[in-house]
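Here is the structure we will look at, set down as structure tokens.
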Amino acid sequence: MTTMKQFVIPAAARNNAEWCASMSRSHGLTGEFGVQAWAVPARPPRYYPDAVTLVPAADAAALVDRIDTAAAGACVKDSFADLDLAGAGFKVLFDAQWIHRKPSAPTTSPDLSWDVVRRPGHVGGLGPCLG
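Written out as structure tokens, the structure is:
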């Protein structure tokens with residue numbers, strides 16, 4: 184097994200599940216991490232999955248049992264693209280692959296410049312700011 188499949192993809196899947204868990208908590212929903220997946224029992228925020236797999240070959244039936252499939256719109260982020268959820272009424276929305284770039288040494292620049300904000304909506308003479 185390559186390093187990417189052995190370490191990077193599981194770490195990326197876990198990181199993504201942590202993000203989905205944080206977003207769900209920010210909307211008052213408590214998800215649960217299991218050995219095979221993170222799942223939230225009620226519909227998560229829009230555009231977020233009900234579950235994220237954390238390992239290859241997760242138990243599809245056990246995963247489906249942890250989410251609300253009664254209401255339309257349930258979705259599972261299959262981090263390893265190896266689940267067959269068709270029997271539970273799911274269909275593949277899209278296929279994707281993880282990509283990874285090895286980190287490089289941090290760069291520093293002694294020539295950083297700073298500007299003082301002198302009035303609301305104005306940064307360094309560049310005009311109005313958003314927000």
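Count the sequence shown with my numbering and you get residues 184 to 314, in order. Think of the CB as a built atom: it goes at the ideal place given N, C-alpha and C, for glycine as much as any other residue.
Selected residue, minimal CA-CA separation from residue i, among the options
i, options, result
"P193", "P239, F216 and A222", "P239"
"F190", "P289, S292, R229 and H283", "H283"
"A200", "L266, P286 and V218", "V218"
"P224", "W297, A253 and T186", "A253"
"T186", "A255, N198, S296 and K285", "K285"
Close Cβ partners of residue i (< 8 angstroms) along its chain, the five nearest in sequence each way excluded
i, result
"A257", "R226, D233, I250, D251 and F273"
"A204", "G214, F216, W221 and V223"
Residues bridged to residue i (per DSSP)
i, result
"W221", "F216 and V235"
"V259", "A234"
Residues near residue i by beta carbon distance below 6 angstroms, same chain, minus five either side
i, result
"L246", "A220 and A234"
"K260", "P232 and V235"
"A271", "V247"
Assumed close pair residue i, residue j - CB separation to whole angstroms, cut-off 8 angstroms
i, j, result
"S207", "T236", "At roughly 16 angstroms, the Cβ-Cβ gap does not stay under 8 angstroms, so S207 and T236 are not in contact."
"L268", "A243", "6 angstroms"
Other residues of its chain near residue i: CB distance less than 7 angstroms, five sequence neighbours each side excluded
i, result
"D265", "P239 and A240"
"A196", "V235, T236, L237 and S262"
Contact test: residue i Cβ vs the ligand MG heavy atom, cutoff 6 angstroms
i, result
"I192", "No copy of the ligand MG appears in this structure; indeed no ligand is present at all."
- prompt: Is there contact here, the segment 278-295 with the segment 206-214, by at least three beta-carbon pairs under 8 angstroms?
  reply: Contact between the segment 278-295 and the segment 206-214 is absent, because fewer than three Cβ pairs lie under 8 angstroms.
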